[in-house]
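Reading through the structure tokens given below for one structure.
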Amino acid sequence: QTPKLLKRLFLFSYASAAPNNTDGRNQTVMFDTLEDWRDELERTKGNVKYRTVTTNEGYRVSEKLPLYFVVPICISEESILKYEGRGIPIWCWSCHNGAALLKMSAFPKEQDDSTSQMQKAFLDGIYKTICKPPYELLKMDDLSSSLPSLQDIQTAYTRFKQLFFIDNSTDFWATDVKWFSLLESTNWLEIIRRVLKKAIEVAECLERQHTNVLLIEESATDLCCVISSLVQVMMDSYSRTKSGFQSLIQKEWVVGGHGFLERCNHLRKSEKEEAPIFLLLLNCVWQLVQQYPPAFEFTETYLTVLSDSLYVPVFSTFFFNSQHQRDTSASGESLKTQSGPFRFLTVWDWSVQFDPKAQAFLNNPFYAEKPKPDKSQRKTARFKHQRQLSLPLTQPKPSTKRGFFREETDHLIKNILGKRIGKFINSSDEPPNSFREFYESWHSKPVDYHGLLLPRIDGPEIKVWAQRYLRWIPEAQLHGGGTIAITAKILDLMEEVQSLQVKMDEEHSQAVSGDVHSISTPRNSARLSSLFPFALLQRQSVKPALPTSTWKDLEDEDDLVKRDDEFVDLSGDM
Amino acid sequence: MASSSTPKYNSNSLENSSSKRTLKDGTNWEQNEEIPRLPGETRVTDKDVIYMCPFNGPVKGRVYITNYRLYLRSVENDPAVVLNVPLGVISRIEKMGGASSRGENSYGLDITCKDMRNLRFALKQEGHSRRDIFEVLTKYAFPQSHNLLFFAFLNEEKFSENGWTVYNPMSEYRRQGLPNEQWRVTFLNEHYGLCDTYPSLLVVPYNATDDDLKKVAAFRSRNRIPVLSWIHPETQAVIMRCSQPLVGMSGKRNKDDERYLDIIREANGQISKLTIYDARPNVNAVANKATGGGYEGEDAYPNAELFFLDIHNIHVMRESLKKLKDIVYPNVEESHWLSSLESTHWLEHIKLVLTGAIQVADKVSSGRSSVLVHCSDGWDRTAQLTSLAMLMLDSYYRTIEGFEVLVQKEWISFGHKFASRIGHGDKNHADADRSPIFLQFIDCVWQMSKQFPTAFEFNEQFLITILDHLYSCRFGTFLYNSESLREKEKVSEKTLSLWSLINSEKSKYTNPFYSKELNRALYPVASMRHLELWVNYYIRWNPRIRQQQPNPVEQRYMELLALRDDYIRRLEELQITNNSKIPNSSASSTSPSQMMSQLQTHF
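So the sequence lines, in the order shown, correspond to chains R and X. Quick note on numbering: the first sequence equals residues 106 to 679 in my numbering. Quick note on numbering: the second sequence equals residues 1208 to 1810 in my numbering.
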């Protein structure tokens, strides 16, 4: 039975009972303080053109907006307050070249003419302000028209999910022959493809055209979150570390005001299924993770357990619609219990869910780490270091290629300025060549795992997140196989290297003390199932899984089917 | 660098690979210097052409034709666009456009290749400029149709290993523990008198005389009698292969054949029925009766149980691959990729072949029952099934050398008709005998290696190299249809073996994640949920879909391995110095080399 009231969720009881533990966040930036936003601005060098505002303290502007957020310097407090934050470009992230990713909550369709006139005038004013130097170019993308609707996404996912509810072996094999067309008919992979494509388009604007991008959506808390997060994962290698990714989710989703409670339908308020917007992001990120394993500090297992945590009512992270809702719920509870400030648990403390050994599966052994900065200069180095990570393409001496791009961009800028196109350049109106060229020129070069990362989006490259969706299906289990076989091997090797290291240290000390130590026996990994670490289905026998229904007619090839391999009349041989 | 004696021919980037040398302009271009040439390879002609690259548009270049390859280097691009195509992969050469056809680059040659690509060259229209190049290409690409030798007979390469010694049937059977009390080796086919498409050495039941074999041969299509392919070391159950029985419309019976199958059944002391897997769909097996073939009926073989595996014939497979090519070359189907892929049925066929092999393997292993596998002639589907089942059951075949033995044994020696299926050097591109049966087998192996990334000693490159040389005609390995023909042409004396190339450079083909495991049955999951299109093979010419080379995960693992070895070495040094300092203290410490062997026995 699902509770119908927010307060009845287990996280309220759990939070008051669990010990207070705030250091388990894995350096995740929570974005609930002014400081956090300032640091982020500084990290991305966005502080020249953008500033943090405190206008929403006490939720004066809107209950949907976070307490603190970042806007272009020239936006006045007055304008922010005017329409509860609507029509205001809100900063998400700045690219190394200064181009910024912004989002904006659009005005609802207004019947009243005068109101819409006023809104239009207001928007014009805003555009004028932010199209002036130092912001220059702005490209707008209305996501509600350029991406599938929430309804489409929901429908697709519901169908997709259905494919994995398999009752028995017969069911599994009966659907197997038509698997690809069944998969296609859900449209889910196509939606992932379109979202990835959109993210590449945005990245192209920021990276190559040095153009600010403003994402527009009615609430700016659904597809805006997906696209802005994806763009950051692709462009900012800090977002590909565990803490960076968690901070990103805090920034864009949790504090950013994605309506988790409603979208996940945690309280079963409506008869409808969940609208899997956050899952859509994780599915997209998974594509990148499997295409570029060394680029991510976390594993697909991390993404899988994160997606599971979406439904674990122990953590507050994914159970509120906004920061405001969370705050008021928390203060209500502290009033009731009167035992100091009420603290919810955050999902980022993975130790609540997993012991250290299990947590090891969240860390990617293939991650191509950058050398760490000197620890003594930690505070200052932190930003420098991360800055570097996001600056893979900026080199002191620009190569000829970059020069070429710059020229071309200048040309583009002139063109666009000449036409005074500030508004509503829909990406679909644009010649797709620049996108193709950007995509292909990037793919023709070797991958820099700490630089810009573009997903491959051709048909064969978009895959089903097998770990998440096949893990409870025994028929799909590979006994002793799957990618886990490789991961286990590399973990073994790492352990071995570590023990050798220890042994070396011992030998060094032995040279002094003369002690002899026994060597640690290497661990002997059991043969794992491809479903590991989720399902440990111990099949008693090693009987293979055999399809029970296999063939369907090759209607169109009937004449071929009936032919013999080589026509020879054997009866003559007798 | 580029003209070393063993050119980097197998790389994934045959196309558009940049030359080591930068050619800023054409002036420092020396004509022959940079064209890779094998010993024995001679230049025939060259010409200025425009290569109509489907990915990068027209490329001006010069094409060089030798008796082994077509080589193109662009003259303007930097880095240079290079094409390096063994003539053996050419399936068809057509002239496009006429002397009077208009439009840019409409006059030239269109070349269809066997390895999932087409090449198109535009030439100048004046003076029949394509005539000589067309003739030269046709002549050297199809030597069999022009009374010329395959390049394999002219190849003068030298390798440190001799691939012809890899497979020795006697030692392979000995490895399996044969002969024993139940199974004997017969030389009855020494001069291919019993069956001209079988190898000279056969393993048959001890209780069947050579005379019995001759009688059985009369009742099996093309005399391909049931012989042993593999024996299970524990259950002693065997995998037998043969062709269909000549039952015909009238339902003929043959007492000798019936008794022979019973002897096979009894050989491992089993009481249950002998399992017969007919690879064909039921209807095809029935239809074969009309031409004198058929299957083992219940009445005649009461001690046998027959199953049909529903694998389709060579024509269906050929059409399926054709459809696959349509959706991946030159461009990958943009929309509806999945349903397009499904409509080619390619993976569905893969699934059926794997499913059949799993059934064979499982029957022998956990069912402890001997099996007999056949299709019509027992050289296409049968070879797929027996070799895949053996790969699942016997970890030896998952090593580089073991796999070579497997191919050599189940495919080459047992008369898979490579010459007919591939059409080596033959201009009849539409020949109905051509079919990608061996490719399908290699695809199945790839699927298995994908599902079990630590179970195979060889890597993807190994499989791709085998497929490349299946067509190239640089080695004698896949030439001709049978052992008897190969012997007649003295292939092992006059040509080199592909395994020479591979075994001389084993590290290139080794999977670093390989964990040696003995006697573990390996069953892939033959479900569409796991089967994947082998992008790195079928779509490898498309620069947009190229996988990262080298594989970053592999690289990382190699780095760690190097680190470990470094530690072990340093540790050893440390211990030596320490031990010399403290002479009596190291009695209990394990030496690093001991430790290493201990460390390597994971899994």
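Cβ coordinates follow ideal geometry from the N, Cα and C atoms, glycine included. Since the model is a prediction, treat every value here as computed from it, not as a measurement.
Open item on the list: Spatial neighbours of L133/R within its chain, please: C-beta separation below 6 Å, excluding the five flanking residues on both sides.
Closed with: For the purposes of this step, residue 133/R is identified with residue 28 of the first sequence, where counting begins at 1. Checking the sequence shown, residue 133/R turns out to be Thr, not Leu. S348, Q351, S352 and W453, listed in sequence order.
TODO: Please state whether DSSP places H584/R in a helix, a strand or coil.
DONE: Residue 584/R sits at position 479 when you count from the first residue of the first sequence. Note: H584/R maps to strand in three-state DSSP.
Task: Interface flag, R264/R vs chain X, CB-CB below 7 Å - done: Working through the first sequence from its first residue, we reach residue 264/R at position 159. By this cut-off, R264/R is not an interface position.
- [ ] Mark P1509/X as exposed unless 16 or more other C-beta atoms lie within 10 angstroms of its C-beta, in which case mark it buried.
- [x] On the second sequence, residue 1509/X is found 302 positions in, with the first residue counted as 1. Looking at its Cβ environment, which holds fewer than 16 other Cβ atoms inside 10 Å, P1509/X is exposed.
- [ ] Compute the Euclidean distance between the alpha carbons of C329/R and V390/R, then round it to the nearest angstrom.
- [x] For the purposes of this step, residue 329/R is taken as the residue at position 224 of the first sequence. For the purposes of this step, residue 390/R is taken as the residue at position 285 of the first sequence. If I take the Cα positions, the gap works out to 15 Å.
Task: Length of the line joining the Cα atoms of F1645/X and F1514/X - done: Against the second sequence, residue 1645/X aligns to sequence position 438. Against the second sequence, residue 1514/X aligns to sequence position 307. Rounded to the nearest angstrom, the two C-alpha atoms are 23 Å apart.
- [ ] Alpha carbon to alpha carbon, how far is A1596/X from N1726/X? Give it in angstroms, no decimals.
- [x] Along the second sequence, read from residue 1 onward, the residue named residue 1726/X stands at position 519. Along the second sequence, read from residue 1 onward, the residue named residue 1596/X stands at position 389. Taking the straight line from one Cα to the other gives about 13 Å.
- [ ] Identify each residue in the region 1559-1574 of chain X for which the Cβ-Cβ distance to at least one residue of chain R is less than 7 Å, and report them in chain order.
- [x] L1559, T1562, I1565, Q1566, D1569 and S1573
Task: Contact residues within the region 292-304 of chain R, judged by C-beta distance below 7 Å to chain X - done: none
Task: Residue range of the beta strand (DSSP E) that includes T1482/X - done: Your numbering for residue 1482/X matches position 275 in the second sequence. Segment L1481 to D1485, the beta strand (DSSP E) holding T1482/X.
Open item on the list: Considering only DSSP beta bridges, list what M1303/X is partnered with.
Closed with: Here residue 1303/X corresponds to residue number 96 of the second sequence, with the count starting at 1. Bridge partners of M1303/X: G1315/X.
Task: Alpha-carbon spacing of T422/R relative to D144/R, whole angstroms - done: Locating residue 422/R in the first sequence gives position 317, where the first residue counts as 1. Locating residue 144/R in the first sequence gives position 39, where the first residue counts as 1. Rounded to the nearest angstrom, the two C-alpha atoms are 22 Å apart.
Open item on the list: Less than 8 Å between C-beta atoms, sequence neighbours within five positions excluded: which residues of the same chain meet that for E1471/X?
Closed with: As a working mapping, residue 1471/X is identified with position 264 in the second sequence. Checking the displayed sequence, the identity of residue 1471/X turns out to be Ile instead of Glu. Closer than 8 Å at the Cβ level, and outside the excluded window around I1471/X, lie P1412, P1433, V1445, M1447, L1481, S1577 and L1579.
TODO: Using three-state DSSP, classify C1320/X as helix, strand or coil.
DONE: Within the second sequence, the letter at position 113 stands for residue 1320/X. Strand.
- [ ] Could you run through the region 581-600 of chain R and flag, in chain order, every residue whose CB is less than 8 Å away from some CB of chain X?
- [x] A581, Q582, L583, H584, G585, G586, G587, T588, A590, I591, K594, I595, D597, L598 and M599
- [ ] Go ahead and label T705/R buried or exposed: buried means 16 or more other beta carbons lie within 10 angstroms of its beta carbon, across all protein chains shown.
- [x] Here chain R has residues from 106 to 679 only, and residue 705/R is not among them.
- [ ] Would you list the residues sitting across from I321/R in a DSSP beta bridge?
- [x] Residue 321/R sits at position 216 when you count from the first residue of the first sequence. Bridge partners of I321/R: M209/R and D247/R.
Open item on the list: Closer than 8 Å between beta carbons: that is the criterion. Which residues of the region 1769-1787 of chain X meet it against chain R?
Closed with: L1770, R1771, Y1774, I1775, R1777, L1778, L1781, Q1782, T1784 and N1785
TODO: Please check the pair P399/R and P1759/X, which I expect to be a contact at CB under 8 Å, by giving their CB distance rounded to whole angstroms.
DONE: On the first sequence, position 294 is the one that residue 399/R refers to. On the second sequence, position 552 is the one that residue 1759/X refers to. Right, the Cβ-Cβ distance comes to about 5 Å (below 8 Å), so this counts as a contact.
- [ ] Consider the Cβ of S1439/X: report whether some Cβ of chain R lies at a distance smaller than 7 Å.
- [x] As a position in the second sequence, residue 1439/X is number 232, starting the count at 1. In the sequence under discussion, the amino acid at residue 1439/X is His, which differs from the Ser named in the question. No, H1439/X does not count as interfacial toward chain R.
Open item on the list: Let me see if you follow: with CB-CB separation under 7 Å, is N1362/X close to chain R or not?
Closed with: Your numbering for residue 1362/X matches position 155 in the second sequence. For N1362/X, the answer is no, since every Cβ of chain R falls outside 7 Å of its Cβ.
Open item on the list: At the 7 Å Cβ level, is W1544/X part of the contact set with chain R, yes or no?
Closed with: As a first step, residue 1544/X is located in the second sequence; it is residue number 337 there, counting from the start. Taking Cβ atoms only, chain R reaches closer than 7 Å to W1544/X, which makes this a yes.
Open item on the list: Tell me which residues share the same chain as S1594/X and place their Cβ nearer than 6 Å to its Cβ, disregarding the 5 neighbours each side in the sequence.
Closed with: On the second sequence, residue 1594/X is found 387 positions in, with the first residue counted as 1. So the qualifying residues of the chain are L1613 and E1617.
Open item on the list: Just to confirm the assignment: which complete alpha helix (DSSP H) runs, minimum length 4, are found wholly within the region 1704-1731 of chain X?
Closed with: 1705-1711
TODO: Kindly say whether P1376/X, judged by its beta-carbon, lies nearer than 7 Å to any beta-carbon of chain R.
DONE: Looking up residue 1376/X in the second sequence gives position 169. Chain R, which has no Cβ nearer than 7 Å to the Cβ of P1376/X, makes this no.
Open item on the list: I'd like the list of long-range same chain contacts for W1706/X, defined as Cβ closer than 6 Å, with 5 residues on each side in sequence excluded.
Closed with: The residue given as residue 1706/X occupies position 499 in the second sequence. Cβ within range, chain order: G1370, V1373 and E1611.
TODO: Assign K1529/X to one of three DSSP states: helix, strand, or coil.
DONE: For the purposes of this step, residue 1529/X is taken as residue 322 along the second sequence, with counting starting at 1. K1529/X: helix per DSSP, three-state reduction.
Open item on the list: So for L1277/X, helix, strand or coil by DSSP?
Closed with: Locating residue 1277/X in the second sequence gives position 70, where the first residue counts as 1. Correct three-state label for L1277/X: strand.
TODO: Would you please verify whether the beta carbon of Y1744/X is less than 7 Å from any beta carbon of chain R?
DONE: Taking the second sequence and counting its residues from 1, the one referred to as residue 1744/X is at position 537. Answer no: the Cβ-Cβ gap between Y1744/X and chain R never drops below 7 Å.
TODO: Check the Cβ of H371/R against every Cβ in chain X and list those closer than 7 Å, keeping chain order.
DONE: As a working note, residue 371/R is residue 266 in the first sequence. In chain order: nothing, as chain X lies at least about 30 Å away.
Open item on the list: Contact between the region 1340-1352 of chain X and the region 1629-1636 of chain X is defined here as three or more beta-carbon pairs at a separation below 8 Å; is this criterion met?
Closed with: yes
- [ ] Would you check if there are 3 or more beta carbon pairs closer than 8 Å linking the region 374-386 of chain R to the region 426-435 of chain R?
- [x] no
TODO: With S539/R as the anchor, note down where its alpha helix (DSSP H) starts and where it stops.
DONE: On the first sequence, position 434 is the one that residue 539/R refers to. That run of the alpha helix (DSSP H) goes N538 to H548.
TODO: Tell whether a beta-carbon distance below 7 Å holds between K1624/X and M1323/X.
DONE: Residue mapping note: residue 1624/X aligns to position 417 of the second sequence, counting from 1. Residue mapping note: residue 1323/X aligns to position 116 of the second sequence, counting from 1. Going by C-beta atoms, K1624/X is not nearer than 7 Å to M1323/X.
TODO: Determine the closest residue to I1518/X out of K1570/X, E1465/X and A1590/X, with distance taken between C-alpha atoms.
DONE: Locating residue 1518/X in the second sequence gives position 311, where the first residue counts as 1. It is A1590/X whose Cα lies nearest to the Cα of I1518/X.
Open item on the list: If we define contact as Cβ-Cβ less than 7 Å, is L665/R a contact residue for chain X?
Closed with: Looking up residue 665/R in the first sequence gives position 560. Chain X contact via Cβ: present.
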